[in-house]
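Residue numbering for the sequence shown is 135 to 580, as defined by my numbering. All C-beta atoms in this analysis are idealised placements derived from N, C-alpha and C, irrespective of residue type, glycine included. As structure tokens, the structure follows; a few thoughts come after it.
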Amino acid sequence: MSQERQKAGFSEASPRLLSREPVQGADGIWLQDSPENLMIINSVLSLDSISVGEFRRLWETRVVQAGGGNRYPRFRRKIVFQGNRPHWEDDGDYDVSRHVVAAPGEIRTEEALQDYVSSLAHQPLPADRPLWQIQHVENFKDGSSAFISRIHHCMGDGLALIPVLFSLMDEADPVTELPGDRVAKKRPNRWAMAAKLPVLGPLVLAQKMIWKRDISAVHGPDLGGRKRVAWTKKFDLKQVKAVKNHFEATVNDVLMACVGGAFQRYLGTAHSQVVEKVRASMPVSIRAQGDAPEMNNRFAAVLLELPVGVEDVRTRVAATKLKMNALKRSVEPLVTYGLSRILLKTMPQKVSRRLIDFLANKCTAVVTNVPGPQEDLYIAGRRLRSMVFWVPQRGKIGIGISILSFAGNVQVGVIADTELIPEPRKFVHSFEEEFEHMVEMVQAGQ
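Following this line, the structure appears as structure tokens:
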């Protein structure tokens, strides 16, 4: 085992007779943490007050022990290495109290919670146990409790984790069909992908290889590895839909145009800089319709160019819509997913990692949009008040933007390397200003 993995705390596979299986496919891509970017999905949930003990028992019963412990077994399994090959192995020392813990000190405000999550965002998870942790914040604002969830990306992607959340709900069914993503309208045909990959794969790869990488104040400087997080206020989904109707676009078109507008405002205000476009890496699910919601990673990271250097909002929304429509018709998600699997299977990890990072480094940010349930949800009789999450980045990408619609509202989380954006609350403010400007245009009939 390499010295790098030893320093991270990973261990060799146990000689004891424990359940063990190799880490398969795309899950292995995310076992590539770096000092600058940890592959951890961070999130914050708030709900009516609940004790850490009650939540711990609920999590153990409804998640870890679900289906006799077979529905989400990765919550009891750690990563071990046999030589250079990672495996899932049952943790003989597993104890839920080592994973669901009380947060230290008192955290009573959103600002204090953002600061505390920021202090965690660049800290790795203990490698000698399953790669997840939930911290409970007691007596959060307005009689609520908050939970800071940190789950390593190798355990599953965002859509894979939604059924886990549903498992906690009082009435939700965790095995119903997953929410559809907002980009890929057609579900993948495995045979069609296999037929097209040899022809289109090299073309897509060649196109990405020759693209010039983004250069700006928020992409180019070396990353420091220290992260900060922030989130927007809640936007009424009805208001978002009114904006999309006004501009004859989709909700996703409007929100992505807001991301472009936020970059324009932030770069202009903080750096007096104007750029024509910002390239974003956007995860797109390639799960086939009817696929069982398993804990794994089944998505492709496609590249989307957001028009930024466009002053007129209506023009920027229209240009964003054109980009999004082209992506919906593209086979790029399927080809990209297939290429990633081939790279992992045919090349040494160091080589495949460098190539994947080389392509990722052309992007300024990772941007994802997850449509959540629109009805109120309850955990042990407590109403779930809010959810926000932060997508991890890789390579030299230092900005993650995560959009989540839930219970009639939309909220955006931003995570940034402090060498690029020292205070992401300023970027959040730029997003809020951009959306409010769109609302004003609707109200003025412009």
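Residues near residue i by beta carbon distance below 7 Å, same chain, minus five either side
{"i": "Val573", "result": "Gln373 and Val377"}
{"i": "Asp348", "result": "Val412, Arg413, Lys496, Cys497 and Thr498"}
{"i": "Phe523", "result": "Ile175, Asn176, Ser177, Ser536, Leu538 and Gly547"}
{"i": "Asp161", "result": "Cys288, Asn430 and Asn431"}
{"i": "Arg448", "result": "Phe381"}
Whole-angstrom C-beta distance between residue j and residue i, which should lie under 8 Å
{"i": "Pro505", "j": "Ser536", "result": "That belief does not hold up - the Cβ atoms of Pro505 and Ser536 are roughly 12 Å apart, past 8 Å."}
{"i": "Asn543", "j": "Phe369", "result": "6 Å"}
{"i": "Leu165", "j": "Ile213", "result": "7 Å"}
{"i": "Val500", "j": "Ile531", "result": "6 Å"}
{"i": "Met254", "j": "Arg284", "result": "According to the sequence provided, residue 254 is Leu. The question's Met does not apply to it. About 7 Å; that satisfies the 8 Å criterion."}
{"i": "Gly515", "j": "Val442", "result": "Wrong, their Cβ atoms sit about 46 Å apart, outside the cutoff."}
{"i": "Tyr228", "j": "Ala237", "result": "Not a contact, Cβ separation roughly 21 Å."}
{"i": "Gly290", "j": "Asn503", "result": "So it is not a contact: roughly 18 Å between Cβ atoms."}
{"i": "Ser419", "j": "Ala435", "result": "Contact doesn't hold; Cβ gap of about 11 Å is too wide."}
{"i": "Ile241", "j": "Phe274", "result": "6 Å"}
{"i": "Ala351", "j": "Leu401", "result": "6 Å"}
{"i": "Asp224", "j": "Ser153", "result": "5 Å"}
{"i": "Ser564", "j": "Gln545", "result": "The pair is not a contact, with the Cβ atoms about 16 Å apart (cut-off 8 Å)."}
Residue i, enclosing alpha helix (DSSP H) - first and last residue
{"i": "Gln373", "result": "Leu371 to His380"}
{"i": "Glu567", "result": "Pro558 to Ala578"}
{"i": "Asp356", "result": "Asp356 -> no alpha helix (DSSP H), and no H or E assigned at all."}
{"i": "Trp193", "result": "Val186 to Trp193"}
{"i": "Arg399", "result": "Val385 to His405"}
For residue i, the first and last residue of its enclosing beta strand (DSSP E)
{"i": "Phe215", "result": "Arg211 to Gln216"}
{"i": "Val504", "result": "Ala499 to Pro505"}
{"i": "Leu181", "result": "Ile174 to Asp182"}
{"i": "Leu518", "result": "Arg516 to Trp524"}
{"i": "Arg154", "result": "Arg154 to Pro156"}
Beta bridge counterpart(s) of residue i as assigned by DSSP
{"i": "Ala550", "result": "Arg362 and Ile533"}
{"i": "Asn543", "result": "Asp370 and Phe540"}
{"i": "Ile555", "result": "Paired residues: none, contrary to the question."}
{"i": "Tyr512", "result": "Arg517"}
{"i": "Ser350", "result": "His353"}
Own chain residues within Cβ distance below 8 Å of residue i, not counting five before or after
{"i": "Gly203", "result": "Arg210"}
{"i": "Pro120", "result": "As displayed, the chain neither begins before 135 nor continues past 580, which places residue 120 out of reach and without an answer."}
{"i": "Val235", "result": "Val186, Gln267, Ile268, Gln269 and His270"}
{"i": "Gln407", "result": "Ser350, Ala351 and Leu401"}
Contact set for residue i: own chain, Cβ-Cβ below 6 Å, skip 5 residues either direction
{"i": "Glu155", "result": "Trp222"}
{"i": "Asp304", "result": "Tyr512"}
{"i": "Lys455", "result": "Ala383 and Asp387"}
{"i": "Met458", "result": "Asp387"}
Closer than 8 Å to chain B by CB, residue i
{"i": "Asn459", "result": "No chain B is present in this structure, which holds just one protein chain."}
heavy atom of the ligand COA below 7 Å from residue i C-beta
{"i": "Thr502", "result": "Here there are no bound small molecules, and the ligand COA is not part of this structure."}
- Message: Just to confirm the assignment: which complete alpha helix (DSSP H) runs, minimum length 4, are found wholly within the segment 279–311?
- Response: 292–302
- Only counting runs of 3 or more residues, tell me where the beta strand (DSSP E) segments fall wholly within the segment 408–483, in order along the chain. 411–419 and 433–441
- Message: Suppose only complete runs of 3+ residues qualify. What are the beta strand (DSSP E) ranges in the segment 219–281, listed by chain order?
- Response: 219–224, 234–236 and 266–274
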